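**Student:**
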Amino acid sequence: MTVADLATRADVARLFGRAAFGATGADQDAWQGKPYADMVDSLFPPGPPGTVGRTPFRDEAARVTLEQQKNDIGMAQRWWLDRMRTTPYPLEERLTLFWHDHFATAYTGQPDVGMMIIQNETLRKHALGSFRDLANAMLVDPAMLIWLNGIANHVNGVNENLAREFLELFTLGVVPQVYTETDIRQAAKVLTGWTVNTVTRLATFTPARHDNSVKTVLGKQLGGNAAAAPTEYQRLTDIVLAHDDGITSSRFLAYKLVQEFGYPVPLGEVATDPLVQDVAWAIRAGGDWDLRRGVRTMLLHPKWRYADPAADHLLVRSPVELCVHGAKVLGIEIPFVNTLQSQLVNAATGRAGQAPFVPPSVGGWPHGLGWLSQTTTLGRYDLMNQLFLAYRNQQRHQYAKPPASADLAAWAWWMGLSGFSTSTTLRLREYLANPGTTVELDKQASLFILVGTSPDWQVM
Amino acid sequence: MAPNVTRRTVLKGAGVTAGAFALSPLLGNVASAAVDPRTATRRRLVVIDMGGGNDGLNMVVPRTGNNRQIYQNVRPTIQQPVDSLLPLDRGGQDDGSLGFHGALKTLHALYRQDRVAVVQGVDYPNHSYSHFTSNDIWQAGNPDNIADAGWLGRHLDRTGVAIGELRAVGIGGTLAHALRGRVHSGSQVNSLNETHFADGTSALANARHAVYERFANHTALEPSRHAYGQMCSGVVSLDNATRGLTAPAPGGLANLLLTARTLLTGDLGVEVVFVTTGGYDTHANQVNAQNTLFTELDQALEAFFLGTKNGVPVTVGGSAGNGLPAPVGTPVVAGTPIGPLPDALAAQTLVMTFSEFGRRIGENASGTDHGAAAPMLMVGPPAGASPVSLVPGLHGDHPYMGSTALPADNLAMTTDLRSVYQAVLTKWINDPGSDRPDEGDPGFRLTGTDLEADGSLAGLFASA
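Sequences listed follow chains A and B, in order. So for the first sequence, my numbering puts the first residue at 1; every next one is plus one. So for the second sequence, my numbering puts the first residue at 1001; every next one is plus one.
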């Protein structure tokens, strides 16, 4: 085993920062100097929820309660944020957030909170499974069917919304666009016939609403068989994924994964970027659409592990990642119950631009520098401030004690960084030279906020 | 295809910008201390992005003739009845063949005062039905490179943004692509309640903020971190610049337009405001959704121009304790009506709408799917108030709708969006007497077509 096979502190900070809602000091102690591949593999759960041998989620009862909820979206948001903080399987949860962005569906009253929670569990179940299964599940997911008007799509009134976004945003992308407007209209006919019972929150196929004609999508025929109509959408998924030997769809998925977990890929380099190609191959190999293999390939890839200093291979972290990482560092709960304090965490995440279950459009949230405006950047500051206030209020000092304000090396370790940049070190020293207070806990609050809003922590 | 589609204002793209480029991380650093002294005479542009793809055919609706018959045939459930429409006639100067949706009452009143222009059939060549591709094209103003800088950001690049100028502001959502230039970008102010630090202005908080502001000095060897640091400094500047400013919030889109009005009224150097709203993706339940959307749009225009909501004055110091700033030294009395947009500002302000696409001519059962060309609305100064005026009425040709026997599937472009942008830049925003004139966008000068000579948009603006 060579030195390169062993994890450095920078490796820990990067892997946990990107794929597991951030490192704690304990994570760094656990993995520094250990085999890098073992650290990657430790993030993968033994299987989806329900698998024998998995640790049950401590908040499963709350999730089942939320499946019956209609309108308290704030409670659902806090529940999910706290699951991200406490899950034994942070990579799976991180992928669930990724798929929520990919198949972006928003709570609007209809779909209601219960449907969003049901969809959330479906995303989690397939998060590291087969993309084919995930895509099929989303085509008949109750929240999705309402959100993209699948329930209004029937033989006498074909509604293209779901079919168009399935091709454009969920499977094939537009770099380049391989499908035509005719393909969309034909695919929409394939998807006719589905409705949702808003009381039971179940999707139902009604044969009389289905268009039983033969359709042609991407040059392949399907449909025309009434007996097979209830599963015709699965045939559509097969045709779309298999198009061009699976290269278009797997490359699109790999591109999305690399954009989210790796680095920005210019549109002109999607077809040539080596990491994208390797991840795409890992996903489509053998026709498996194996997301676990794709994600593992990415995290072990040298091009992922070693950021290219010549290119700008850093990512602006999302507000949800910042919130969960900050709560982990402080050891604070994100309360399920509705209190002023818990509302403020909701509000701060939202003002930073990412309220879970309420993406701004079917295109999902922004990425990279797109996250940043003065309004959202101030929201990031206020989020850090709010988390430390919660820490004070919750009297959590016995669980996670901040380092002494003057010990900057300890602050880097505590907040999951391998160290500070020269610039940030200078800024923190400037603060310590003029702290505006003599109270140590106030200085520690300032250090938490300033490290938490520093370029080093926000962009990694 | 259609015989009357040939009079396109602009034909084919002149040049293709190669590749994508990184959008600018730089911001207009704002501070109330230093403001461009020419602010008082500057003309202003307020753009409203009706996100989702607005169904233009139910906003500016055929009332008479062949187009009305086609409209009724292909829209059995979502058609707007003739007697519900607000006719575009202007005492006979327009022929009344079209009418505004019945919810657009304020807009219609402004139209009858000769303050409204409708630019018909606006789109771009090789239309995309994707929300995202089409929105990028509209915001970049470049059908050949969706990753180009925003059309208003490029305006900022050409004319410069001085230190201390809050020249362009986005309101609603995230900072719009249109406001992102290569060098200069707009600032984002979604609400004047959200521009100040939650930890206040204690000595402790101020010590933090002073360091936070200096994250702008982060080494430029890491461009993303540098860009983030620049934004931290922008946060502090905006906090300072907007101290004491509040806006009434009567609800909905009106909140955003009144925030815009406060920023335009305050002496901050604001020239361009880009307001983002959404919900126009009416694939289903369109009749109800559109009533709500157009009512909200009309109330926003009413609040912005007239200072009322459903005819009732919007007042300073509403239930949320908000109110427009009074002139320095004037005590703010809660309950004081904000009144109409002040004359001087009304004379300088153009409001303009767009959406990433219109919708299909025929309905899908209860809504409409993604379509192509659509009208843009513009509201300008009162007659005679400004040396440059918006010429009211219809501009460009109505798109061809097919025949009753064979209705068209989509509305094809009759006006290229670039010709609209160019007219707005060169005829409205441009201040030829200034030291920073904007003579327009090279990318909008296409195939040698002279906007003036071309015909359809030559008369969008008139000089006294």
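Every residue, glycine too, gets a C-beta built ideally from N, C-alpha and C. Quick caveat, the model's predicted, so the values are computed rather than measured.
In terms of residue numbering, what span does the alpha helix (DSSP H) encompassing N338(A) cover?
**Tutor:** Along the first sequence, read from residue 1 onward, the residue named residue 338(A) stands at position 338. N338(A) -> no alpha helix (DSSP H), and no H or E assigned at all.
**Student:** Under the rule that 16 or more other beta-carbon atoms within 10 Å means buried, what is R1436(B), buried or exposed?
**Tutor:** Your numbering for residue 1436(B) matches position 436 in the second sequence. Result: exposed.
**Student:** Should the region 1041-1052 of chain B be regarded as contacting the region 1354-1374 of chain B, the criterion being three or more beta carbon pairs within less than 8 Å?
**Tutor:** At 8 Å Cβ cutoff, the stretches touch.
**Student:** Buried or exposed: S1187(B), going by 16 or more other Cβ atoms within 10 Å of its Cβ?
**Tutor:** Taking the first residue of the second sequence as 1, we reach residue 1187(B) at position 187. Burial call: buried.
**Student:** Alpha carbon to alpha carbon, how far is S342(A) from E121(A)? Give it in angstroms, no decimals.
**Tutor:** Numbered from 1 along the first sequence, position 121 holds the residue referred to as residue 121(A). Numbered from 1 along the first sequence, position 342 holds the residue referred to as residue 342(A). For E121(A) and S342(A), the distance between alpha carbons rounds to 23 Å.
**Student:** Determine, for L145(A), whether the minimum Cβ-Cβ distance to residues of chain B falls below 8 Å.
**Tutor:** For the purposes of this step, residue 145(A) is taken as residue 145 along the first sequence, with counting starting at 1. L145(A) does not count as touching chain B.
**Student:** Ends of the beta strand (DSSP E) at D1123(B)?
**Tutor:** Residue numbering aside, residue 1123(B) sits at position 123 when the second sequence is read from its first letter. Run containing D1123(B): 1116-1123, per the beta strand (DSSP E) assignment.
**Student:** Scan the region 1231-1244 of chain B for residues whose Cβ lies nearer than 7 Å to a Cβ of chain A and list them as they occur along the chain.
**Tutor:** Listed by position, the residues of the region 1231-1244 of chain B near chain A (Cβ gap below 7 Å) are M1231, C1232, G1234, V1235, L1238.
**Student:** Please report the residue range of the alpha helix (DSSP H) in which T297(A) lies.
**Tutor:** To locate residue 297(A), count along the first sequence from 1; it is residue 297. Note, T297(A): alpha helix (DSSP H), 291-300.
**Student:** The region 1153-1177 of chain B: which residues have C-beta closer than 8 Å to a C-beta of chain A, in chain order?
**Tutor:** Residues passing the 8 Å Cβ filter: G1170, G1173, T1174, L1175.
**Student:** If V1169(B) sits next to H1209(B), beta carbons under 8 Å apart, how far is it from one beta carbon to the other, in whole angstroms?
**Tutor:** Taking the first residue of the second sequence as position 1, residue 1169(B) is located at position 169. Taking the first residue of the second sequence as position 1, residue 1209(B) is located at position 209. Their Cβ separation, rounded to whole angstroms, is 22 Å, which puts V1169(B) and H1209(B) out of contact at 8 Å.
**Student:** Which parts of the region 1356-1392 of chain B are runs of the beta strand (DSSP E), unbroken and 3 residues or longer, counting only runs that do not cross its ends?
**Tutor:** If we require 3 residues or more, the beta strand (DSSP E) runs fully inside the region 1356-1392 of chain B come out as 1374-1379, 1388-1390.
**Student:** Sorted by chain position, which residues of the same chain lie with C-beta nearer than 8 Å to T1404(B)'s C-beta, five sequence neighbours on each side aside?
**Tutor:** Translated into positions along the second sequence, residue 1404(B) becomes position 404. Same-chain partners within the cutoff: N1066, Q1069, I1070, N1073.
**Student:** Please say whether G157(A) and A1303(B) have beta carbons closer to each other than 8 Å?
**Tutor:** Within the second sequence, numbered from 1, the residue matching residue 1303(B) stands at position 303. Within the first sequence, numbered from 1, the residue matching residue 157(A) stands at position 157. No; because the gap between Cβ atoms is not below 8 Å, this pair is not in contact.
**Student:** Considering Cα atoms alone, identify which of S249(A), M298(A), Q110(A) is closest to G287(A).
**Tutor:** Here the question's residue 287(A) lines up with position 287 in the first sequence. The shortest Cα separation from G287(A) among S249(A), M298(A), Q110(A) belongs to S249(A).
**Student:** Taking Cβ positions, are P1375(B) and V1060(B) nearer each other than 8 Å?
**Tutor:** Taking the second sequence and counting its residues from 1, one reaches residue 1375(B) at position 375. Taking the second sequence and counting its residues from 1, one reaches residue 1060(B) at position 60. In this structure, V1060(B) lies closer than 8 Å to P1375(B) by Cβ.
**Student:** Just to confirm, is the Cβ distance from N434(A) to A1176(B) under 8 Å?
**Tutor:** Within the first sequence, numbered from 1, the residue matching residue 434(A) stands at position 434. Within the second sequence, numbered from 1, the residue matching residue 1176(B) stands at position 176. Going by C-beta atoms, N434(A) is not nearer than 8 Å to A1176(B).
**Student:** Label S423(A) either buried or exposed according to how many other C-beta atoms from any shown protein chain fall within 10 Å of its C-beta, with 16 as the threshold for buried.
**Tutor:** Sequence index remark: in the first sequence, residue 423(A) carries index 423 (1-based). S423(A) is buried by the Cβ-count criterion.
**Student:** Identify the residues that DSSP records as bridge partners of H1398(B): which are they?
**Tutor:** Here residue 1398(B) is taken as the residue at index 398 of the second sequence, counted from 1. In DSSP, H1398(B) forms no bridge with anything.
**Student:** Report the residue from A409(A), L330(A), P335(A) whose alpha carbon sits nearest the alpha carbon of Y391(A).
**Tutor:** Stepping through the first sequence from its first residue, residue 391(A) is reached at position 391. It is L330(A) whose Cα lies nearest to the Cα of Y391(A).
**Student:** Taking 6 Å as the limit between beta carbons, can you name the residues of its chain near L1306(B), skipping five residues before and five after?
**Tutor:** Position 306 of the second sequence, counted from the first residue, corresponds to residue 1306(B). If we look at L1306(B) and ignore the five residues flanking it on each side, its Cβ neighbours are P1340.
**Student:** Using the Cα positions of V1388(B) and V295(A), report the straight-line distance between them to the nearest angstrom.
**Tutor:** Here residue 1388(B) corresponds to residue number 388 of the second sequence, with the count starting at 1. Here residue 295(A) corresponds to residue number 295 of the first sequence, with the count starting at 1. Looking at the two C-alpha atoms, the distance is approximately 59 Å.
**Student:** Using the beta-carbon of each residue, which ones in chain B are nearer than 8 Å to S373(A)?
**Tutor:** One-based indexing of the first sequence puts residue 373(A) at position 373. Per Cβ cutoff of 8 Å: G1170, T1174, L1175, S1187, Q1188, M1231.
**Student:** Is it buried or exposed, N71(A), if we count other Cβ atoms within 10 angstroms and call 16 or more buried?
**Tutor:** Mapped onto the first sequence, residue 71(A) falls at position 71. Label assigned to N71(A): exposed.
**Student:** Can you tell which of D1148(B), L1179(B), V1420(B), D1281(B) has its C-alpha closest to the C-alpha of F1461(B)?
**Tutor:** Here residue 1461(B) is taken as the residue at index 461 of the second sequence, counted from 1. The shortest Cα separation from F1461(B) among D1148(B), L1179(B), V1420(B), D1281(B) belongs to V1420(B).
**Student:** Hey, is the region 1393-1409 of chain B in contact with the region 1129-1136 of chain B, meaning 3+ C-beta pairs nearer than 8 Å?
**Tutor:** No, they do not touch.
**Student:** So what does DSSP say about F357(A), is it helix, strand or coil?
**Tutor:** Residue numbering aside, residue 357(A) sits at position 357 when the first sequence is read from its first letter. Note: F357(A) maps to coil in three-state DSSP.
**Student:** Look at A187(A) and V217(A) and say whether their C-beta atoms are less than 8 Å apart.
**Tutor:** In the first sequence, the residue the question calls residue 187(A) occupies position 187. In the first sequence, the residue the question calls residue 217(A) occupies position 217. In contact: A187(A) and V217(A) (Cβ atoms closer than 8 Å).
**Student:** State the start and end residues of the unbroken beta strand (DSSP E) segment that holds Q221(A).
**Tutor:** Translated into the one-based positions of the first sequence, residue 221(A) becomes position 221. From DSSP, the beta strand (DSSP E) with Q221(A) extends over 220-223.
**Student:** Rounded to a whole number of angstroms, what is the C-alpha to C-alpha distance between K1309(B) and A1249(B)?
**Tutor:** As a first step, residue 1309(B) is located in the second sequence; it is residue number 309 there, counting from the start. As a first step, residue 1249(B) is located in the second sequence; it is residue number 249 there, counting from the start. Going by the C-alpha atoms only, they are around 11 Å apart.
**Student:** In three-state DSSP terms, what is R1214(B)?
**Tutor:** Along the second sequence, one-based indexing puts residue 1214(B) at 214. Here R1214(B) sits in helix by DSSP.
**Student:** Is the Cβ of R1225(B) closer than 8 Å to any Cβ of chain A?
**Tutor:** What you label residue 1225(B) is simply residue 225 of the second sequence in a count that begins at 1. Yes, R1225(B) lies at the interface with chain A (some Cβ there is under 8 Å from its Cβ).
**Student:** Ordered along the chain, which non-local residues of its own chain (more than five positions away) have a Cβ less than 6 Å from that of A280(A)?
**Tutor:** As a working note, residue 280(A) is residue 280 in the first sequence. Here the set comprises S250, R251, A254.
**Student:** Could you check what DSSP says for I1338(B) in three-state terms: helix, strand or coil?
**Tutor:** Position 338 of the second sequence holds residue 1338(B). Note: I1338(B) maps to coil in three-state DSSP.
**Student:** If you reduce the DSSP assignment to three classes, tell me which class I1048(B) lands in.
**Tutor:** For this step, residue 1048(B) is matched to residue 48 along the second sequence. Residue state, collapsed to three classes: strand.
**Student:** So, do the region 1282-1295 of chain B and the region 1101-1112 of chain B have three or more beta carbon pairs nearer to each other than 8 Å?
**Tutor:** The answer is yes - the region 1101-1112 of chain B touches the region 1282-1295 of chain B, with three or more Cβ pairs under 8 Å.
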